Each structure stands twice: as C-alpha cells, then as structure tokens.
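Protein chains: 2
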Amino acid sequence: MRNVVVLTGGVGGTRLVDGLASSCDDEQLTVIVNTGDDFDHLGLRVCPDLDTVMYTLAGFAPEERGWGIAGDTFVTLGALARLGAPDWFQVGDRDLATHVWRTHRLASGTTLTDATREMTRRLGVTLPILPMSDAPAPTVIETTEGQRIPFQNWLVEQRAVPDVRRVHSERTGPASPLVLDALADADLVVIGPSNPFVSIEPILALPNVRALVAEKPCVAVSPIVAGRAVKGPLVAMMRTLRGVDASAAEVARLYADLVDIWFVHHGDGATLSGSIETDILIERRRERARLAAEVLHTGRRLAAG
Amino acid sequence: MRNVVVLTGGVGGTRLVDGLASSCDDEQLTVIVNTGDDFDHLGLRVCPDLDTVMYTLAGFAPEERGWGIAGDTFVTLGALARLGAPDWFQVGDRDLATHVWRTHRLASGTTLTDATREMTRRLGVTLPILPMSDAPAPTVIETTEGQRIPFQNWLVEQRAVPDVRRVHSERTGPASPLVLDALADADLVVIGPSNPFVSIEPILALPNVRALVAEKPCVAVSPIVAGRAVKGPLVAMMRTLRGVDASAAEVARLYADLVDIWFVHHGDGATLSGSIETDILIERRRERARLAAEVLHTGRRLAAG
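Protein chains in written order, with the working numbering: chain B, 16 to 320; chain S, 16 to 320.
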C-alpha cells in the first residue's frame, strides 16, 4: 500500500488525521479537507477545517479543544469589539495571522491549494493538506423555519440551535486537480469520524469525487459513539434530516456504496454487521496513533485484496 | 471665534491637535488629516496619520512615541512573519483591529470619512477628525536615483534613506465635502508642526483647499527647531527639494500666501519677521496644552481682526 487518502472535516476527523500522520510508515498520506465551512469574516477568508488540520499537524492545536491555537491571545478580538465589530467568531491573535495572510495571498491570485501549501510548509508540515476545491463551496443550512443561514453563523453564532431541514452546498467550482489526482492514485481511502452532512458529503458531492472513492478500498471511522456524536450537531441532524436516531449503522447507510469496513466503538458493532469494534474515542494524541495503527493495519489487508 | 480648523499630518501636528482639543473652550475644533500616507498592507487599509490623531485623542498613544497604541502587543505580527509575510510595518494587535475593521467597512461601501467617525466615536472621541479626502491620494517619493517608492515603504521599510528628488501625489478624488465645509466655516486655520511636503501640501493641493485657507486668518507652528526637524525626514527634504538648510523661515516661504503668524522656537524668530517665539517642543501633554493656549490666544485676536 503506497497511497492513503483521508477525507476529513473538523475536530473529530482531524484527530484521526493526526494519528495517521504519525502512524503511516512507508505510505504517503494525503489529507482532503472540507471547505464548505469556509466563510468571510470581517473581510477575511476563514477556513475552519483547513486550519484545524494545519494547526493540529503543526502541533499548535489544544489537545482537548481541537480548534484554534493553544495559548493564543485575543487582544485584536477585544479591540475589534470595542470598535463595534461583531465578535461572535472567536479569532485569536496568532490564528488571525493565518486569515490575514491567506486573504492577502488569495487576493494576489494564489489558489487556496497553493496558499495552504505555502502556509503549512512554513509551519513545518510537509504532508499534503488539500482543500477539496479552489472555488468557494459554502454550506448553507436551511432551517425547519425556512431560514437559510451560512454554516458558521448557524453553528457558532446561533449555536446550532435552529433545527435543520436541508443542507445546501452553493458550490461554484470543481474539485481541485490535486484532489482528483490523489484519489485516482489512492490505494486506500479513509473517511474520518466527521459529520457526514456538513463535512464529508460536501467533498463527495464534488464532480467525480464519489465515483473515484467508490472504486477504492475504503475504511471509515464512525462519528457516532453509543448514539452520541463525538462532537458537534450530528445527532440532531440525523433526526431532522433522516428521521432516525443517530447510530453508527444509520451513518453507515449514507456511505453504503463506498465503505468496506467500519470502525465503531465498543458495543456499537451489533447494529452494523462486518464492522470492527474498538475504542474510537481519540481525544488524546496517544489514542489517535493507536486507532490510526488499527485502521492502517486493516486498510493494508483490504488494499492487498 | 467659533470654528477652529487644524491641518495636520503625523506625530508633530497631532501633539498640537491634542493640545488644541483640551484648550478650545467655546470653539468647535475640526481636525483635517493628511491621507497621503495611507496604504494597503497585507490587504488591509492603513491610515497612519488618521490613526495617530485618533489614538492620541482617545488617550491610547504613547506620549513619547506618538504612533501606535501604548502597551500594544505584537502576537499577530510574529505569527505573520512565521507564515512568510513581510514584517517591516510594525502592526500591534490592538492597532490591527483598526485596520481590519476599517478595511471591512470600506469594502462594505462606507466612506473613509464615515468609517473614521464611527471608529472615533466608539473610542470616545467626539470632535470631528476628517480625512482630507475619501479617495486615495497616495504620496509617492521619487528618489534622486529615479526610483518611485510609496511613501510608507520609503519612510519605514527604507528608513527614509534614499534622497528625495520629488514628492508626487497620485490623487484620484476631491477633498471630502466635510473638509470644504469646515474650511468655509472656519474663523481660524491652524497649520500644525508637520512636514510641509508630505503632510500639509497633500491637503493644500486638493482642489479648492488652498484657496479656502488663503481667505482665512491662519496661524502655523514651525516643524523646525534650531535647524532640526521636530520629527521625521524634513531636514534632508529641505535640502534635496529646495536646496536650502532647514529653518523656520525656509518652511515659512512654502506657505507665504497663507500664514499670518508663525510660532517658532526660542531663538528661531530672528530669521522670520513677525513670528512669535515660544517653546514649541511639545512632546509632553502639559506642554501641548500650553502651546495650544498661546496659539488660540493669538488666533482669537487675529480672527477678531
């Protein structure tokens, strides 16, 4: 097995990516990241999932929180609030540098793919972190009350309170060429424990991506443990979007055409035949490496046919 | 005397503005600020002179330094440098909030005049601080070697080292309507101790401004003390642009059509007939109020005819 490609969104999937990055031996790991969460905040381009992956692999992310930069300060945020700027999005001072520099690079004509590669290399991260697309693909939440709210506003500003009726993607472009190349060359695709509706589906919905993944050996880690989401608003979404109680098996139905083997938590395997039960709670770094090793072990056998 | 209008650039003039703000009794003080220094840095609109005035009147500016915000931190600057961004322009974290918010407001269609008023009010400053124009009017330095360098790059990045052959203004618009109104209503115009070439002349060169000032009683404070500039590169500019040694009298020639009475430092009056000698070194706040009171006293008599 030479090439491993992982699809991920925010904190949960990134923890698996972190484990894979330290557990891949001879394999080349490529990370494909959801950009549906990306948005403009105060004129600055913010890419929450890309940043979570970048900061985590650079060793900057707080182990328990997953987003932002450990020990960051919030001086500019306070000064912005004093000037009357909205302050619902908590941007730290070090974090802000990423948004300022990325926005400037994009305005200078650099692609998001190239800007991400430049920044990750400066931060000492050498493995490819690929935004799913160089074109904006904003996820919009349609609530049961009929409102349409950009995803970050719904998640952070409105604390994911309004019930979700539909998840839209206002996609404007194709998958990035590097994403398509990575999938074409993949010996194994890993789907991280991320929200299927707002983290994984935006990637799969890009032209040709789902078909490429379907051709490949594919292992996934459940984002649900004992009926609860590892993180975020997935349980409520399963209810309003699919009319079901959240479970590993219900999530698995969403990828029935793609995933060969599911990793689920101890006790969750009964509802999903052929799954592998293990400890999939990986908040701590040593737990991430352990689960990643198990995933890679299974993936190698699967890829070998 | 009801309306006092002061023309100013950076640190020197701002110190006089600070004194006038605390010394005007019944008069309405209006500050007209050079925007020729304004530039885009990392995609953010930076207005050094406006910020110096705003921070000083809000009580944020370090008394001795004059620019930036006292006690500001530089976390984002450090993180930007790590990402590979140019770091020659020292932006503090609190200061950065001003640039981010202003850029966002301008991008939303707000004029610089309105954005400045919004911000100054949020910072507790009620007197009108008027950018000279809502349109960019970048000052470009042409060096004796024939290079054309945007002013802040010349001043800060290149430390004002290259000799100046000409000062250009790449003006694109008129004076702001509020500036013209303020000058039309002025009972006294005060020209602050700022660099005539790069701080005051950009204001005067806007359509109708010089003519309006010429009609008014006008008092000026010398930016030269005993042949030295209060601050900045004025002495070298007097030599390369005018071929003279810097003196209060040589500066006065530049405004011969405008200024009725000059305030010069003790010992400088001999070279400038009709000038008033006093202590014009006003780094400290109490000194600013004292000089401002003298200027206003003279101005009131002048305005009374």
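Ideal placement from N, C-alpha and C gives every residue a C-beta, glycine not left out.
Just so you know, these numbers come straight off a predicted model, no measurement behind them.
Legend entry - Euclidean distance between Cα positions of B:VAL274 and B:GLU230: Within the first sequence, the letter at position 259 stands for residue 274 of chain B. Within the first sequence, the letter at position 215 stands for residue 230 of chain B. So the two alpha carbons sit approximately 10 Å from each other.
Inset, instruction - Can you have a look at S:GLN105 and say buried or exposed, based on whether 16 or more other CB atoms are within 10 angstroms of its CB? - result: As a first step, residue 105 of chain S must be located in the second sequence, where it is residue number 90. Exposed.
Inset, instruction - Out of S:MET252, S:GLY258, S:ALA201, S:SER184, state which residue places its alpha-carbon closest to the alpha-carbon of S:GLY51. - result: Numbered from 1 along the second sequence, position 36 holds the residue referred to as residue 51 of chain S. Taking only the C-alpha atoms, the option nearest S:GLY51 is S:SER184.
Inset, instruction - Specify the secondary structure class of S:VAL234 as computed by DSSP and reduced to three states. - result: By 1-based counting over the second sequence, the position of residue 234 of chain S is 219. If DSSP states are grouped into helix, strand and coil, S:VAL234 belongs with the strands.
Inset, instruction - From the DSSP output, in three-state form, read off S:ASN49 for me. - result: Along the second sequence, one-based indexing puts residue 49 of chain S at 34. Correct three-state label for S:ASN49: coil.
Inset, instruction - Evaluate the contact criterion for the region 130 to 138 of chain B versus the region 111 to 120 of chain B: three or more CB pairs, one atom per stretch, below 8 Å. - result: yes
Inset, instruction - Compare the C-beta of B:ALA100 with all C-beta atoms of chain S and state if any pair is closer than 8 Å. - result: Indexing the first sequence from 1 puts residue 100 of chain B at position 85. By this cut-off, B:ALA100 is an interface position.
Inset, instruction - Hey, could you find the ends of the alpha helix (DSSP H) B:LEU35 is sitting in? - result: Working through the first sequence from its first residue, we reach residue 35 of chain B at position 20. From DSSP, the alpha helix (DSSP H) with B:LEU35 extends over 26 to 38.
Inset, instruction - Less than 8 Å between the CB atoms is what I'm expecting for S:MET134 and S:LEU221, so what's the real figure, rounded? - result: Taking the second sequence and counting its residues from 1, the one referred to as residue 134 of chain S is at position 119. Taking the second sequence and counting its residues from 1, the one referred to as residue 221 of chain S is at position 206. About 22 Å separates the two Cβ atoms, so there is no contact after all.
Legend entry - Residue from S:VAL250, S:TYR70, S:GLY282 with nearest C-alpha to S:ALA178: Mapped onto the second sequence, residue 178 of chain S falls at position 163. A small correction: the amino acid at residue 178 of chain S is Asp; Ala does not occupy that position in the sequence shown. Answer by Cα proximity: S:VAL250.
Legend entry - Inter-residue Cα distance where the pair is S:GLU42 and S:THR67: For the purposes of this step, residue 42 of chain S is taken as the residue at position 27 of the second sequence. For the purposes of this step, residue 67 of chain S is taken as the residue at position 52 of the second sequence. About 23 Å.
Inset, instruction - Would you check if the region 94 to 105 of chain S and the region 95 to 112 of chain B touch, i.e. whether three or more CB-CB distances between them fall below 8 Å? - result: yes
Legend entry - For S:VAL18: DSSP bridge partner residues: In the second sequence, residue 18 of chain S corresponds to position 3, counting from 1. A small correction: the amino acid at residue 18 of chain S is Asn; Val does not occupy that position in the sequence shown. Paired residue(s): S:GLN43.
Inset, instruction - Work out the CA separation of S:GLU157 and S:GLY320 for me, nearest whole Å. - result: Along the second sequence, one-based indexing puts residue 320 of chain S at 305. Along the second sequence, one-based indexing puts residue 157 of chain S at 142. For S:GLY320 and S:GLU157, the distance between alpha carbons rounds to 42 Å.
Legend entry - For B:HIS56, the residue or residues it bridges with in DSSP: The residue labelled residue 56 of chain B in the question sits at position 41 within the first sequence. According to DSSP, which records beta bridges pairwise, B:HIS56 is partnered with B:LEU59.
Inset, instruction - Would you mind stating whether B:VAL140 and B:ALA73 have Cβ atoms separated by less than 8 Å? - result: In the first sequence, the residue the question calls residue 140 of chain B occupies position 125. In the first sequence, the residue the question calls residue 73 of chain B occupies position 58. Yes, these two residues count as a Cβ contact at 8 Å.
Inset, instruction - Would you mind working out which of S:ASP102, S:VAL266, S:LYS246 sits nearest S:GLY27, comparing C-alpha positions? - result: As a first step, residue 27 of chain S must be located in the second sequence, where it is residue number 12. Among S:ASP102, S:VAL266, S:LYS246, the Cα nearest to that of S:GLY27 belongs to S:LYS246.
Inset, instruction - Ignore the nearest five residues each way along the sequence and tell me which others in B:LEU219's own chain have a CB closer than 7 Å to its CB. - result: Locating residue 219 of chain B in the first sequence gives position 204, where the first residue counts as 1. Contacts found: ARG225, VAL228.
Inset, instruction - Would you mind listing the beta strand (DSSP E) stretches within the region 234 to 292 of chain B that are 3+ residues and don't spill past its ends, in chain order? - result: 276 to 280
Legend entry - Neighbourhood of B:PHE89 by C-beta distance below 6 Å, restricted to the same chain and skipping five residues each side: The residue labelled residue 89 of chain B in the question sits at position 74 within the first sequence. Closer than 6 Å at Cβ, skipping near neighbours: GLY107.
Inset, instruction - Mind checking the region 115 to 138 of chain B against chain S and listing, in chain order, the residues whose C-beta falls within less than 8 Å of any C-beta there? - result: VAL115, TRP116, THR118, HIS119, ALA122, GLU133, MET134, ARG137, LEU138
Inset, instruction - State the Cα-Cα distance for the pair S:LEU287 and S:ALA199, rounded to the nearest angstrom. - result: Here residue 287 of chain S is taken as the residue at index 272 of the second sequence, counted from 1. Here residue 199 of chain S is taken as the residue at index 184 of the second sequence, counted from 1. Roughly 29 Å between the two C-alpha positions.
Legend entry - the region 52 to 59 of chain S / the region 265 to 280 of chain S touching (three or more Cβ pairs under 8 Å): no
Inset, instruction - Tell me where the beta strand (DSSP E) around S:THR158 begins and ends. - result: Position 143 of the second sequence, counted from the start, is the residue given in the question as residue 158 of chain S. Taken as a continuous stretch (DSSP letters only), the beta strand (DSSP E) holding S:THR158 covers 154 to 158.
Legend entry - Any chain B beta carbon closer than 8 Å to S:ASP53: To locate residue 53 of chain S, count along the second sequence from 1; it is residue 38. No - not a single Cβ of chain B is within 8 Å of the one on S:ASP53.
Legend entry - Best match in B:PRO211, B:ILE215, B:CYS233, B:GLY188 for proximity to B:MET252 [C-alpha to C-alpha]: In the first sequence, counting from the first residue as 1, residue 252 of chain B sits at position 237. Checked all of B:PRO211, B:ILE215, B:CYS233, B:GLY188; the closest Cα to B:MET252 is B:PRO211.
Legend entry - Contact belief for S:GLY314 with S:LEU142 at Cβ below 8 Å, rounded distance in angstroms: Taking the second sequence and counting its residues from 1, one reaches residue 314 of chain S at position 299. Taking the second sequence and counting its residues from 1, one reaches residue 142 of chain S at position 127. About 17 Å separates the two Cβ atoms, so there is no contact after all.
Legend entry - Nearest to S:THR159 (by Cα), restricted to the options S:ARG80, S:LEU31, S:LEU195, S:ARG180: Taking the second sequence and counting its residues from 1, one reaches residue 159 of chain S at position 144. Of the candidates S:ARG80, S:LEU31, S:LEU195, S:ARG180, the one whose C-alpha sits nearest the C-alpha of S:THR159 is S:ARG180.
Legend entry - Own chain, CB closer than 7 Å to B:TRP169, minus 5 neighbours either side, in chain order: As a working mapping, residue 169 of chain B is identified with position 154 in the first sequence. Excluding residues within five positions, the ones whose Cβ falls inside 7 Å are ILE156, ALA175, PRO177.
Inset, instruction - Kindly indicate the opening and closing residues of the alpha helix (DSSP H) around B:LEU195. - result: As a first step, residue 195 of chain B is located in the first sequence; it is residue number 180 there, counting from the start. Run containing B:LEU195: 192 to 200, per the alpha helix (DSSP H) assignment.
Inset, instruction - Leaving aside the five residues before and after B:CYS233 along the sequence, list all residues of the same chain whose C-beta is less than 6 Å from its C-beta, in chain order. - result: Counted from its first residue, the first sequence places residue 233 of chain B at position 218. The answer, listed in chain order, is VAL204, LEU273, VAL274, ASP275.
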